[in-house]
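Note that this note's numbering gives residue 334 to position 114 of the sequence shown, counting from 1, and the numbers run on in steps of one. Even glycine gets a Cβ: it sits at the ideal position worked out from N, Cα and C. The next block holds one structure in the form of structure tokens; read it before the comments.
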Amino acid sequence: MTECCRLIERPFPVVVSAPSGTGKTVVVERLLAIDGRLVRALTATTRPARKGEVEGVHYLFLSQEEFAAKREAGQFVEFARVHDHWYGVPKASVHEALRKGKWVVCNVDVQGGLAIRQAHQEAVLIFLLPPSMEALEERLRGRGTDSEEEVALRMRNALAEMAVARQYDYVVVNDDIRTCANRLLEIVHAETSRTARGLVMPSEP
Numbered sequence: 221m222t223e224c225c226r227l228i229e230r231p232f233p234v235v236v237s238a239p240s241g242t243g244k245t246v247v248v249e250r251l252l253a254i255d256g257r258l259v260r261a262l263t264a265t266t267r268p269a270r271k272g273e274v275e276g277v278h279y280l281f282l283s284q285e286e287f288a289a290k291r292e293a294g295q296f297v298e299f300a301r302v303h304d305h306w307y308g309v310p311k312a313s314v315h316e317a318l319r320k321g322k323w324v325v326c327n328v329d330v331q332g333g334l335a336i337r338q339a340h341q342e343a344v345l346i347f348l349l350p351p352s353m354e355a356l357e358e359r360l361r362g363r364g365t366d367s368e369e370e371v372a373l374r375m376r377n378a379l380a381e382m383a384v385a386r387q388y389d390y391v392v393v394n395d396d397i398r399t400c401a402n403r404l405l406e407i408v409h410a411e412t413s414r415t416a417r418g419l420v421m422p423s424e425p
């Protein structure tokens, strides 16, 4: 009996980017909760922890000096300065997850997303959009953590980030957290089944 072709699942980085206030972090948390094969790439940052954020779970919080030392040592697969704070994804966080056969979700800005694509050509890049610019501004003000100047800055940055969305593979509107997370999971499943990723044809007779 001739063996049928097989599809070998090869995990890849899943990059999720979005303007500040779009709900990216909550969507990613929901995505991780509904499929245990996906894990978070722990991001390091120099910004202070927000209420409810846990060291080693949501972020790796570093001082400016600690971050600079790791950056100079080449320990980040990507790093960028965003809103006056540094963010970076440690190479070890990505490599270890892939080695264990997990799809590693990288919650990063557009600069970081494109850098990860350069390091991992197999990565899938997904950009989240708010339902509208009005909804985005309302969410930013509703957080109660930003001054008027900071809200204005984030809105300007949002427009610049959206202009980069064309370089991503997919765009998904976050009008509902559960629905948005399910759409992301559908994308991951579809990408996993692409023949170019791991289709093994039967041996010729």
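Please work out which residues of its chain come closer than 7 angstroms, Cβ to Cβ, to P351, disregarding the five sequence neighbours upstream and downstream, and give them in chain order. Reading the sequence shown from its first residue, position 131 is the one you call residue 351. Taken in chain order, the residues that qualify are V393, D395.
Would DSSP call E273 helix, strand or coil? Stepping through the sequence shown from its first residue, residue 273 is reached at position 53. Secondary structure of E273 (DSSP, three-state): coil.
Can you tell me which of the three DSSP states P425 falls into? Translated into the one-based positions of the sequence shown, residue 425 becomes position 205. Residue confidence is low: P425 scores 46 on pLDDT, short of 50, so the model does not pin down where it sits. No coordinate-derived value is stated.
Take V324 as the anchor and find which of R270, V314, A300 has the nearest alpha-carbon. Your numbering for residue 324 matches position 104 in the sequence shown. For V324, the nearest C-alpha among the options comes from V314.
Run the CB neighbour count on G362, radius 10 Å, all protein chains shown included, and call it buried at 16 or more, exposed below. To locate residue 362, count along the sequence shown from 1; it is residue 142. Answer is exposed; the Cβ neighbour count stays below 16.
Label G256 either buried or exposed according to how many other C-beta atoms from any shown protein chain fall within 10 Å of its C-beta, with 16 as the threshold for buried. Here residue 256 corresponds to residue number 36 of the sequence shown, with the count starting at 1. Classification of G256: exposed, given that the 10 Å Cβ count is below 16.
Output needed for E381: all residues of its chain with C-beta closer than 6 angstroms, excluding positions within five of it in sequence on either side, in chain order. The residue you call residue 381 lines up with position 161 of the sequence shown. The residues are P239, V330.
Exposed unless 16 or more other CB atoms sit within 10 angstroms - verdict on T365: Start at 1 with the first residue of the sequence shown, and residue 365 comes out as number 145. Classification for T365: exposed.
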